[in-house]
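What follows is a set of notes on a single structure, which appears directly below.
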Amino acid sequence: MRGHARWVRLSHWAATISFIALAFSGYVILMAHPRLYWGNTGNDLTPALLELPISRNYRHGGFERAEPIFQNAESPITAIRTYRMFNQNGWGRSLHFLSAWVLVGAGGIYLSIGALGRHFRRHLVPHRAELTTTAFRQEIRDHVRLKIPPATGGPSYGLLQKFAYSTVVFVVLPFTAITGLAMSPAIAAAVPLPAIFGGVQSARTLHFVAFVILMCFLVVHVLMIVKSGFRRQMRAMTFGA
Amino acid sequence: MRKPVAITRRQALLAGLMPVGSLILTGCSKELPPTYGHILRMGDTFTYAAHHALLPKQALVKEFSRNDISSFPAIGVTDPGDPKIRRPSHAYRALQRDGFRDFRLSVDGLVAKPTSLSLSDLQRLPSRTQITKHMCEEGWTAIAEWTGVPLSRVLDVAGVQPAARFVTFLSLDGRAESIDMLDALHPQTLLAYGMNGAEIPVRHGAPVRARVERQMGYKSVKYVQQIVVSDTFPDSSTGIIKAGWAWYAGI
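Quick mapping for you: the protein sequence lines, in order, are chains Z and H. The numbering of the first sequence is our numbering, which starts it at 317 and goes up by one. The numbering of the second sequence is our numbering, which starts it at 68 and goes up by one.
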């Protein structure tokens with residue numbers, strides 16, 4: 317039985333480290349303004365789609381001298397913020413972008429070798445024989461009961477496992493990257509990415525949704541590692557056997 | 068028998084790393100902002116070099132319509148002359164008292180003729196009005212209409228020397244922020260004196276504030292009173308880069 321290839325192990329751990337740093341710094345960034353919106357604009361003076369009670373900035377209400385911008389009843393307003401914000405975005409943002417570069421590097425290596433070689437076809441795409449309703453039902457039943465087969469120290473993967481890995485690798489992580497890039501004013505000037513999502517605040521909200529999905533994946537992934545033999549799995553992903 | 072592989076793993080790796088190498092090389096051909104040996108600053112510099120290498124030089128940010136103008140919080144210093152703040156500016160209070168009639172914006176450093184412009188001098192220069200999105204690093208956004216003179220016009224008046232690489236804004240509330248010539252000469256980089264069809268209110272940077280549309284809000288310095296052109300990185304102690312903020316905020 318062949319274990320994980322060296323490039324899989326290397327890119328896996330590089331991605332793990334950068335993912336943890338991204339999740340942590342992303343959370344710190346969100347704490348500075350824990351309100352989510354839809355469209356292009358959103359700030360403390362406009363209604364939010366969702367407010368997260370995750371820092372003292374949550375519903376701080378520290379504004380004074382609100383004034384209308386135009387002389388009509390529906391005019392938007394301006395107001396002076398008097399509240400001393402929680403804001404650690406100085407290092408938070410820089411750490412987020414540095415980690416993003418590491419993930420782009422690890423992901424780029426993983427995707428090019430996986431696509432050029434036979435890794436994806438052999439291990440991530442389900443074989444036709446696997447794709448039966450009976451097999452699918454059986455897999456779901458086993459997972460719900462946490463009946464996880466013991467680790468083999470590498471591929472081949474189960475049907476749901478293949479589905480989870482390919483969704484994260486080919487859909488959720490690229491989506492997170494694109495919604496992240498859409499928030500960059502310099503990139504948005506060159507490529508109108510926010511328009512795809514209905515505005516820069518929509519992109520920010522979807523970036524958060526992608527983060528939640530990835531955190532759910534992380535929890536399930538770690539749970540499966542534990543259930544299938546933690547030591548065996550860690551050894552296989554680190555040393556290859 | 069083993070089938071021949073079209074591309075070896077080593078070739079794939081090298082092909083993947085090639086653009087990274089060219090990025091580093093193009094980044095190094097010009098002097099980059101200092102990193103102070105700080106790993107986070109190195110990441111910022113890499114982002115800056117990547118944006119320079121990959122993005123078109125003078126792409127314009129999206130402009131909106133008047134109906135899109137939104138509510139706009141005023142944050143940070145909202146009145147430099149306020150005696151309640153840490154270092155109130157008496158000069159600002161005095162200027163404010165007579166409607167900024169005595170306000171002078173000075174342009175010096177690497178320029179052919181150092182210049183000082185009054186508010187009406189600035190208003191006599193060709194103006195530009197744009198409705199753009201202000202993006203705060205905190206995560207909020209607001210749309211406003213800005214009227215002002217493109218910074219490039221003001222630099223033309225003073226005559227920028229060919230060696231110029233950075234432009235620093237110094238403000239009446241003691242702030243300093245610098246941008247590179249690419250952003251300084253960008254058509255949407257303004258010295259704005261109007262907001263939403265009126266004079267800029269004090270809370271939003273009266274009488275003149277910078278608009279650097281391709282970067283985060285903190286680069287759009289309020290209360291600008293001096294512009295310095297330089298060929299070396301203006302390692303200003305008043306800048307927030309020393310406090311741990313990225314100098315380049317295009318992301």
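Note that CB positions come from ideal geometry on N, CA and C, so glycine has one too. These numbers were taken from a predicted model, which means no experiment stands behind them.
In whole angstroms, give me the CA-to-CA distance for Arg434 of chain Z and Ser428 of chain Z.
11 Å
Going along the segment 102-113 of chain H in order, which residues come within less than 8 Å of chain Z, judged by CB to CB distance?
Ile106, Leu107, Arg108, Met109, Gly110, Asp111, Phe113
Own chain partners of Gly110 of chain H with C-beta closer than 8 Å, once the 5 adjacent residues on each side are dropped
none
Under the three-state DSSP convention, the category Leu366 of chain Z falls into
strand
Euclidean distance between Cα positions of Thr554 of chain Z and Leu475 of chain Z:
24 Å
Helix, strand or coil: which one does DSSP assign to Pro490 of chain Z?
helix
Take Met540 of chain Z and list the residues in its own chain whose beta-carbon comes closer than 7 Å to its own, dropping the five residues that flank it on each side.
Ile464
What does DSSP give as the partner residue(s) for Phe533 of chain Z in the beta ladder?
Note: Phe533 of chain Z sits in no beta bridge, so no partner.
Just the C-alpha distance for Ser183 of chain H and Val221 of chain H, rounded to the nearest angstrom, thanks.
10 Å
Contact criterion: CB-CB distance below 7 Å. Does Met85 of chain H meet it with respect to chain Z?
In this prediction, Met85 of chain H scores a pLDDT of 47, lower than 50, which makes its location untrustworthy; the coordinate-derived value is nonetheless stated afterwards. Not an interface residue.
Beta-carbon within less than 6 Å of Tyr115 of chain H's beta-carbon, same chain only, minus the 5 sequence neighbours each way: which residues are those?
Tyr315
Three-state secondary structure assigned by DSSP to Phe139 of chain H:
strand
Please report the distance separating the alpha-carbon of Met85 of chain H from that of Ala117 of chain H.
Residue placement at Met85 of chain H is poorly supported in this model, since its pLDDT is 47, which falls under 50; the coordinates still yield a value, given next. Taking the straight line joining both Cα atoms gives about 13 Å.
Backbone secondary structure at Trp329 of chain Z - three-state DSSP:
helix
What separation, rounded to the nearest whole angstrom, lies between the Cα atoms of Phe379 of chain Z and Arg397 of chain Z?
4 Å
Which two residues bound the contiguous alpha helix (DSSP H) that contains Tyr260 of chain H?
Note, Tyr260 of chain H: premise wrong, no alpha helix (DSSP H); beta strand (DSSP E) at 257-262.
Cβ-Cβ separation, Trp312 of chain H to Gly358 of chain Z (assumed contact under 8 Å), whole Å
22 Å between Cβ atoms; not a contact.
CB of Ala395 of chain Z within 7 Å of CB of Leu361 of chain Z, strictly:
yes
8 Å Cβ cut-off: residues of chain H touching Thr394 of chain Z
Ser138, Phe139, Pro140, Ala141, Pro268, Arg270, His271
Check whether the Cβ of Asn134 of chain H lies closer than 7 Å to any Cβ atom in chain Z.
no
Does any residue of chain H have a CB that is nearer than 7 Å to the CB of Gly545 of chain Z?
no
Exposure of Gly377 of chain Z, with buried meaning 16 or more beta-carbon neighbours within 10 Å
exposed
CA-CA distance, Val174 of chain H and Arg232 of chain H?
15 Å
Which two residues bound the contiguous alpha helix (DSSP H) that contains Ser482 of chain Z?
475-482
Contact the segment 183-197 of chain H vs the segment 206-225 of chain H: 3+ CB pairs below 8 Å
yes
Taking one C-beta from the segment 131-149 of chain H and one from the segment 190-210 of chain H each time, how about it: are there three or more such pairs within less than 8 Å?
yes
Between which two residues does the alpha helix (DSSP H) harbouring Ile307 of chain Z extend?
No answer is possible for residue 307 of chain Z: the residues shown for chain Z start at 317 and end at 557.
Quick check: the Cα distance between Ser500 of chain Z and Gly514 of chain Z, rounded to an integer number of angstroms?
15 Å
Assuming Arg547 of chain Z is part of the alpha helix (DSSP H), what are its boundary residues?
546-555
I'd like to know if the segment 275-287 of chain H and the segment 211-220 of chain H are in contact, where contact means that at least 3 CB-CB pairs between them fall below 8 Å.
yes
Going by DSSP in three states, Phe300 of chain H sits in which element: helix, strand or coil?
coil
Entirely within the segment 178-259 of chain H and at least 3 residues each: give me those beta strand (DSSP E) ranges in chain order.
182-185, 195-202, 208-217, 233-238, 243-247
The beta strand (DSSP E) spanning Pro384 of chain Z covers which residue range?
379-384
Reduced DSSP category for Trp314 of chain H - H, G, I as helix; E, B as strand; rest coil:
coil
Identified DSSP bridge partners for Val295 of chain H:
H:Asp175, H:Thr235
Using only alpha-carbon positions, find the residue among Z:Ser334, Z:Asn356, Z:Lys543, Z:Ala330 that is nearest to Val460 of chain Z.
Z:Lys543
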